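Undergrad: Okay, here's the structure, questions in a sec.
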(Lines of atoms letter the chains of each structure in order from A and count residues from 1; the text may use other names and numbers.)
(Lines give C-alpha, C1' and ligand atoms only; values in the text may rest on other atoms or scores of the structure.)
Protein backbone atom coordinates (compact mmCIF):
# COMPACT_ATOMS: atom_id res chain seq x y z
CA UNK A 1 0.00 0.00 0.00
CA UNK A 2 1.32 3.42 -0.94
CA UNK A 3 1.94 5.93 1.82
CA UNK A 4 -0.16 9.10 1.70
CA UNK A 5 1.94 12.20 1.15
CA UNK A 6 0.77 15.62 2.24
CA UNK A 7 1.98 19.07 1.22
CA UNK A 8 3.31 21.62 3.66
CA UNK A 9 2.49 25.33 3.27
CA UNK A 10 5.05 28.12 3.72
CA UNK A 11 4.89 31.86 3.04
CA UNK A 12 7.49 34.16 1.52
CA UNK A 13 8.22 37.32 3.52
CA UNK A 14 6.18 39.45 1.13
CA UNK A 15 3.17 37.09 1.26
CA UNK A 16 3.31 37.23 5.04
CA UNK A 17 3.36 41.05 4.83
CA UNK A 18 0.35 40.93 2.48
CA UNK A 19 -1.60 38.95 5.07
CA UNK A 20 -0.50 41.19 7.97
CA UNK A 21 -1.51 44.30 6.02
CA UNK A 22 -4.92 42.75 5.32
CA UNK A 23 -5.30 41.86 9.00
CA UNK A 24 -5.03 45.58 9.79
CA UNK A 25 -7.28 46.88 7.01
CA UNK A 26 -9.85 44.09 6.66
CA UNK A 27 -9.85 41.53 9.47
CA UNK A 28 -12.80 39.58 8.03
CA UNK A 29 -11.06 39.00 4.67
CA UNK A 30 -7.77 38.08 6.38
CA UNK A 31 -9.63 35.58 8.56
CA UNK A 32 -11.43 34.13 5.53
CA UNK A 33 -8.13 33.73 3.62
CA UNK A 34 -6.42 32.05 6.59
CA UNK A 35 -9.37 29.68 7.00
CA UNK A 36 -9.35 28.87 3.28
CA UNK A 37 -5.61 28.09 3.33
CA UNK A 38 -6.08 25.92 6.43
CA UNK A 39 -8.99 23.97 4.94
CA UNK A 40 -7.80 23.68 1.34
CA UNK A 41 -4.01 23.75 1.21
CA UNK A 42 -2.50 22.61 4.50
CA UNK A 43 -2.04 18.83 4.45
CA UNK A 44 -3.59 18.43 1.01
CA UNK A 45 -2.48 15.61 -1.25
CA UNK A 46 -3.19 17.47 -4.48
CA UNK A 47 -2.76 21.27 -4.33
CA UNK A 48 -3.34 21.59 -8.08
CA UNK A 49 -6.92 20.37 -7.73
CA UNK A 50 -8.22 23.71 -6.40
CA UNK A 51 -5.87 26.04 -8.28
CA UNK A 52 -5.19 27.20 -11.80
CA UNK A 53 -1.79 27.17 -13.49
CA UNK A 54 -0.63 30.62 -14.56
CA UNK A 55 0.92 31.32 -17.95
CA UNK A 56 3.25 33.81 -19.61
CA UNK A 57 5.59 35.66 -17.23
CA UNK A 58 4.06 33.76 -14.30
CA UNK A 59 4.39 30.27 -15.78
CA UNK A 60 5.22 27.80 -13.02
CA UNK A 61 3.01 29.57 -10.49
CA UNK A 62 -0.52 28.66 -9.44
CA UNK A 63 -3.36 30.85 -8.30
CA UNK A 64 -6.22 30.16 -5.96
CA UNK A 65 -9.40 32.24 -6.03
CA UNK A 66 -10.92 33.20 -2.68
CA UNK A 67 -13.71 35.70 -3.33
CA UNK A 68 -12.14 38.73 -5.01
CA UNK A 69 -8.72 37.81 -3.61
CA UNK A 70 -5.99 35.73 -5.18
CA UNK A 71 -3.39 33.55 -3.52
CA UNK A 72 -0.39 33.03 -5.81
CA UNK A 73 1.83 30.06 -5.01
CA UNK A 74 4.66 27.98 -6.32
CA UNK A 75 4.05 24.25 -5.94
CA UNK A 76 7.23 22.26 -5.38
CA UNK A 77 6.19 18.64 -5.95
CA UNK A 78 9.67 17.23 -5.31
CA UNK A 79 9.61 18.43 -1.68
CA UNK A 80 5.81 18.51 -1.16
CA UNK A 81 5.74 22.26 -0.57
CA UNK A 82 3.22 24.96 -1.44
CA UNK A 83 5.09 28.26 -1.27
CA UNK A 84 2.66 31.18 -1.07
CA UNK A 85 4.29 34.16 -2.76
CA UNK A 86 1.47 36.73 -2.85
CA UNK A 87 -1.98 37.40 -1.43
CA UNK A 88 -3.84 40.35 -2.95
CA UNK A 89 -7.06 41.69 -4.43
CA UNK A 90 -7.52 40.34 -7.95
CA UNK A 91 -7.23 43.87 -9.42
CA UNK A 92 -3.69 44.15 -8.00
CA UNK A 93 -2.45 40.58 -8.39
CA UNK A 94 -1.20 40.53 -11.96
CA UNK A 95 -0.23 44.19 -12.46
CA UNK A 96 3.32 44.44 -13.84
CA UNK A 97 4.26 41.03 -12.47
CA UNK A 98 7.38 39.27 -13.56
CA UNK A 99 8.18 35.76 -12.40
CA UNK A 100 11.65 36.78 -11.16
CA UNK A 101 10.10 39.14 -8.59
CA UNK A 102 9.15 36.09 -6.56
CA UNK A 103 12.47 34.29 -7.02
CA UNK A 104 14.36 36.63 -4.68
CA UNK A 105 11.83 36.56 -1.86
CA UNK A 106 12.85 34.84 1.37
CA UNK A 107 10.83 31.98 2.82
CA UNK A 108 9.47 32.54 6.31
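Numbering (our numbering), first residue to last: 22 to 129. Yeah, the Cβ is synthetic: ideal placement off N, Cα and C, and Gly gets one too. Keep in mind that this is a model prediction, so the values were computed, not measured.
In whole angstroms, what is the alpha-carbon distance linking residue 35 and residue 70?
TA: Against the chain shown, residue 35 aligns to sequence position 14. Against the chain shown, residue 70 aligns to sequence position 49. Answer to the nearest angstrom: the Cα atoms are 25 Å apart.
Undergrad: At what residue ranges does the stretch 48-86 contain a whole run of the alpha helix (DSSP H), taking only runs of 4 or more?
TA: Here the runs fully enclosed are 48-61.
Undergrad: Would you mind stating whether residue 106 and residue 62 have Cβ atoms separated by less than 8 Å?
TA: Numbered from 1 along the chain shown, position 85 holds the residue referred to as residue 106. Numbered from 1 along the chain shown, position 41 holds the residue referred to as residue 62. Contact: no.
Undergrad: Is the beta carbon of residue 94 closer than 8 Å to that of residue 82?
TA: Working through the chain shown from its first residue, we reach residue 82 at position 61. Working through the chain shown from its first residue, we reach residue 94 at position 73. Cβ atoms of residue 82 and residue 94: closer than 8 Å.
Undergrad: Following the continuous beta strand (DSSP E) through residue 110, name the residue where it begins and the one where it ends.
TA: As a working note, residue 110 is residue 89 in the chain shown. From DSSP, the beta strand (DSSP E) with residue 110 extends over 102-110.
Undergrad: Applying the 10 Å Cβ sphere with the 16-neighbour rule, what's the burial state of residue 32?
TA: In the chain shown, the residue the question calls residue 32 occupies position 11. Residue 32 should be labelled buried.
Undergrad: Shortest alpha-carbon distance to residue 37 belongs to which of 97, 96, 92?
TA: Within the chain shown, residue 37 is the residue found at index 16, counting from 1. Checking every option, the nearest Cα to that of residue 37 belongs to 92.
Undergrad: Which residue marks the beginning of the alpha helix (DSSP H) containing residue 37, and which one marks its end?
TA: Here residue 37 corresponds to residue number 16 of the chain shown, with the count starting at 1. Where residue 37 is concerned, the enclosing alpha helix (DSSP H) stretches over 34-46.
Undergrad: Within the same chain, show all residues whose beta-carbon is closer than 7 Å to that of residue 50, passing over the 5 residues directly before and after it, in chain order.
TA: Position 29 of the chain shown, counted from the first residue, corresponds to residue 50. The answer, listed in chain order, is 43, 90.
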